[in-house]
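Visitor:
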Ligand code: ATP
Ligand code: MG
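Residue numbers (my numbering): 190 to 752.
1) Give every residue of the same chain whose Cβ lies closer than 7 Å to the Cβ of residue 465, excluding the five residues on either side of it in the sequence, and list them in chain order.
2) By how many angstroms is the C-alpha of residue 383 removed from the C-alpha of residue 399?
3) What do you get for residue 379, buried or exposed, if any count of 16 or more other CB atoms within 10 angstroms of its CB means buried?
4) Between residue 403 and the rest of its own chain, which residues show a CB-CB distance below 8 Å, the 5 nearest in sequence each way excluded?
5) Which of helix, strand or coil does DSSP assign to residue 305?
6) How close, in whole Å, do the beta carbons of residue 716 and residue 661 come, if the pair is a contact with beta carbons under 8 Å?
7) Cβ of residue 597 versus every heavy atom of the ligand ATP: is any distance shorter than 8 Å?
8) Where do the N-terminal and C-terminal ends of the alpha helix (DSSP H) with residue 638 fall, by residue?
9) Return the CA-CA distance between residue 622 and residue 350, expressed in angstroms with no decimal places.
10) Just how far apart, CA to CA, sit residue 513 and residue 448?
11) What residue range does the alpha helix (DSSP H) around residue 681 cover?
12) Between the Cα of residue 329 and the Cα atoms of 190, 284, 548 and 481, which residue gives the shortest distance?
13) Under 9 Å between the Cβ atoms of residue 332 and residue 280?
14) Does any heavy atom of the ligand COA sit closer than 8 Å to the C-beta of residue 327?
15) So, using beta-carbon positions, are residue 692 and residue 663 closer together than 9 Å?
16) Throw me the rounded Cβ distance for the residue 245 and residue 373 pair, which I believe falls under 8 Å.
17) In whole angstroms, what is the alpha-carbon distance linking residue 262 and residue 324?
18) Starting from residue 529, follow its DSSP beta bridges and name the residues at the other end.
19) Hey, could you find the ends of the alpha helix (DSSP H) residue 276 is sitting in?
20) At the level of alpha carbons, what is the spacing between residue 724 and residue 676?
21) With a threshold of 8 Å (Cβ to nearest heavy atom), would residue 331 be considered close to the ligand ATP?
22) My output table needs one value for residue 598: the three-state DSSP class, helix, strand or coil.
23) Which runs of the alpha helix (DSSP H) fall wholly inside the segment 353-395 and span at least 4 residues, in chain order?
24) Hey, how far is the Cα of residue 286 from the Cα of residue 292?
25) How about the segment 434-451 and the segment 408-424: do they share at least three Cβ pairs that are nearer than 8 Å?
26) Identify every run of the beta strand (DSSP E) within the segment 555-626, keeping only runs that are complete inside it and at least 3 residues long; order them along the chain.
27) Following the continuous alpha helix (DSSP H) through residue 722, name the residue where it begins and the one where it ends.
28) Which of the three DSSP states is assigned to residue 752 in this structure?
29) On the criterion of 16 or more Cβ atoms from any shown chain inside 10 Å, does residue 194 qualify as buried, or is it exposed?
30) For residue 520, which of helix, strand or coil comes out of DSSP?
31) If we require 3 or more residues per run, which beta strand (DSSP E) segments fall completely within the segment 196-239?
32) Among 359, 736, 275 and 483, which residue has its Cα nearest to the Cα of residue 569?
33) For residue 753, does the three-state DSSP call read helix, strand or coil?
34) In the DSSP assignment, find the beta strand (DSSP E) that holds residue 779 and state where it starts and stops.
35) Can you tell which of 699, 735 and 726 has the C-alpha that lies nearest to the C-alpha of residue 712?
36) Helix, strand or coil: how does DSSP classify residue 350 here?
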């Protein structure tokens with residue numbers, strides 16, 4: 190491609206609304222343009238890179254015997270009602286009506302459509318196993334679209350689905366995907382790790398996420414440097430540091446005045462006790478009924494764990510609902526003399542004495558609370574987020590918690606969707622069984638954005654060879670000089686003939702300007718031809734990753750590139 194004819198709208202300045210490097214650089218290098226929050230156009234320079242990522246994904250999916258298909262984005266809502274996910278996805282599901290007033294939605298994922306196909310065609314165990322995949326646009330009305338293409342409301346996903354007759358078959362399909370994912374992300378030059386994950390809304394029996402460490406990631410993961418334990422905080426276990434209760438004999442409750450102290454911080458300051466000795470009382474509504482949650486004052490509730498314990502969706506109770514139930518504000522709630530409702534306590538507070546809770550009366554707390562004596566939780570469970578510095582659940586090391594970006598996710602779904610939708614087969618004994626499913630996703634834009642997050646400097650992108658939009662940028666200096674024009678044109682034609690992806694900067698612009706663009710675009714190899722290099726019968730050769738600049742024979746430069 191000739192730069193003079195190319196549509197690569199580069200920008201000198203960082204766009205005001207882009208906060209993270211990949212977002213800034215994708216806009217500055219003319220890869221994408223935002224149309225609305227979380228909705229992006231892929232411009233030619235960006236699309237070339239996306240196509241390379243998709244090609245790698247296709248090759249590795251084909252390699253495990255997966256077959257590519259293409260499913261509709263526009264779906265009748267009834268299909269989603271069959272599995273309950275029309276409601277389950279909530280506001281994340283884009284809904285619309287067709288001209289006849291029929292309910293429709295834009296597919297956020299495709300398990301339901303796969304089940305619909307399977308129930309139409311799969312009859313017997315002889316028709317299985319199958320693995321089907323697609324590269325398709327997904328729509329999700331994400332609550333907080335941000336960080337550029339990392340969290341779009343429309344994005345391309347490679348999603349695949351395995352259909353098996355038994356658990357062993359599912360294990361095999363899952364393992365094949367795990368291998369394919371390792372190869373895909375390795376080929377994309379990403380430094381990734383795999384963590385145990387929550388199955389969330391999808392349901393199922395096991396799942397793992399492929400992660401790239403990044404301070405800008407929205408996921409939090411716990412890693413053990415000792416045994417390699419790695420888990421998303423949504424499910425991570427840890428050996429929590431026990432709460433030290435004072436040795437003050439029997440724990441007797443006493444109501445104390447705590448005017449205007451509502452938060453853990455305010456109460457712990459006012460009463461001069463460590464936050465861990467406070468019991469935080471939260472009220473949620475699940476299946477239209479209130480549930481009380483108790484966790485230590487210095488802990489955070491991990492919603493995904495709670496979701497797993499409840500097995501049903503939930504939401505925080507509104508302030509009015511709390512007033513009506515307890516007759517006080519949310520800042521003064523506690524389990525002692527509380528209205529009747531199920532109590533789930535985090536295991537870390539169990540057995541505690543001399544603890545402090547709200548008194549269910551505005552501006553009062555109670556001290557000297559003993560868990561199990563002054564109130565009895567209905568259930569103890571792990572509800573808290575693991576923290577850096579806590580013990581690994583599998584060895585004696587301590588955990589480190591870090592931010593990461595999820596690039597891929599593999600799920601053992603089991604029969605949740607096939608049972609709900611009647612996707613069955615006849616087994617070898619002629620008995621009807623639900624198909625056992627797996628589902629597997631990769632975000633294409635997340636691959637690209639992660640590659641940029643991990644490979645850039647102050648001047649711009651530093652592409653890995655596998656994803657770069659062009660391999661070589663050929664820069665002519667002083668293009669008006671006949672000799673420069675002749676030599677660069679000849680070399681451009683030659684490089685194309687040799688099968689390289691070349692961007693030929695034939696623009697009549699200042700050298701400094703062209704070099705800046707070349708560094709910003711991050712193409713791995715720069716070949717510069719100027720009157721000076723021609724006089725020496727050499728070229729200037731720069732490798733973007735090391736920044737090394739050499740004046741060498743063209744053939745030498747090409748040898749390095751071929752290597
Ligand atoms: P997240 O927790 O980040 O919302 P998810 O669990 O909803 O992700 P999946 O439904 O498992 O994601 O989707 C599979 C893959 O699709 C993810 O691993 C990710 O790479 C990509 N993906 C998911 N949501 C988005 C999004 N909003 N924008 C871009 N890519 C996405
Ligand atoms: Mg999501």
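We put the CB at the ideal spot given by N, CA and C, even for glycine.
Please read all numbers here as calculations on a predicted model, not as lab measurements.
Guide: Short version:
1) Non-local C-beta neighbours of residue 465 in its own chain, meaning closer than 7 Å and more than five positions away in sequence, comprise 432, 485, 486 and 487, ordered along the chain.
2) Separation of residue 399 and residue 383 (C-alpha to C-alpha, rounded to the nearest whole angstrom) is 5 Å.
3) Buried, by the Cβ-count rule.
4) If the five residues before and after residue 403 are omitted, its C-beta is found closer than 8 Å to the C-beta atoms of 592, 593, 594, 639, 642 and 643, all from its own chain and listed in chain order.
5) Residue state, collapsed to three classes: helix.
6) With a Cβ gap of about 6 Å, residue 716 and residue 661 count as contacting.
7) Yes.
8) 633-643 is the extent of the alpha helix (DSSP H) around residue 638.
9) Distance from the CA of residue 622 to the CA of residue 350, rounded to the nearest whole angstrom, comes to 18 Å.
10) Rounded to whole angstroms, residue 513 to residue 448 spans 21 Å at the Cα level.
11) In the DSSP assignment, residue 681 falls within the unbroken alpha helix (DSSP H) covering 671-686.
12) Nearest C-alpha to residue 329 among 190, 284, 548 and 481: 284.
13) Going by C-beta atoms, residue 332 is nearer than 9 Å to residue 280.
14) Looking at this structure, you won't find the ligand COA anywhere; what it does contain is the ligand ATP and the ligand MG.
15) Against a cut-off of 9 Å, the Cβ pair of residue 663 and residue 692 comes out as a contact.
16) Yes, they are in contact, since the Cβ atoms of residue 245 and residue 373 sit about 6 Å apart, within 8 Å.
17) Between residue 262 and residue 324, the C-alpha separation is close to 12 Å.
18) The secondary-structure analysis by DSSP pairs residue 529 with nothing; it has no beta-bridge partner.
19) First-last of the alpha helix (DSSP H) with residue 276: 274-277.
20) Inter-residue distance for residue 724 and residue 676 is about 12 Å (C-alpha atoms, whole angstroms).
21) Distances taken from the Cβ of residue 331 to the heavy atoms of the ligand ATP include one shorter than 8 Å.
22) DSSP places residue 598 in strand when its eight states are reduced to three.
23) Those alpha helix (DSSP H) runs which fall completely within the segment 353-395 and span 4+ residues are 356-376.
24) Their Cα atoms are separated by approximately 5 Å.
25) No, because fewer than three Cβ pairs between the segment 434-451 and the segment 408-424 fall closer than 8 Å, the two stretches do not touch.
26) If you keep only unbroken beta strand (DSSP E) runs of at least 3 residues inside the segment 555-626, you get 568-570, 589-603, 613-615 and 621-623.
27) First-last of the alpha helix (DSSP H) with residue 722: 720-724.
28) Note: residue 752 maps to coil in three-state DSSP.
29) Classification for residue 194: exposed.
30) In the structure shown, residue 520 falls within a helical segment according to DSSP collapsed to helix, strand and coil.
31) Inside the segment 196-239, DSSP marks whole beta strand (DSSP E) runs of 3 or more residues at positions 221-225 and 228-231, from first to last along the chain.
32) With respect to the C-alpha of residue 569, the residue from 359, 736, 275 and 483 having the closest C-alpha is 483.
33) A query on residue 753 cannot be resolved here, the shown segment of the chain reaching from 190 to 752 and no further.
34) The chain is shown from 190 up to 752; residue 779 falls before or after that span and cannot be answered.
35) The residue with the shortest Cα to Cα distance from residue 712 is 735.
36) DSSP places residue 350 in strand when its eight states are reduced to three.
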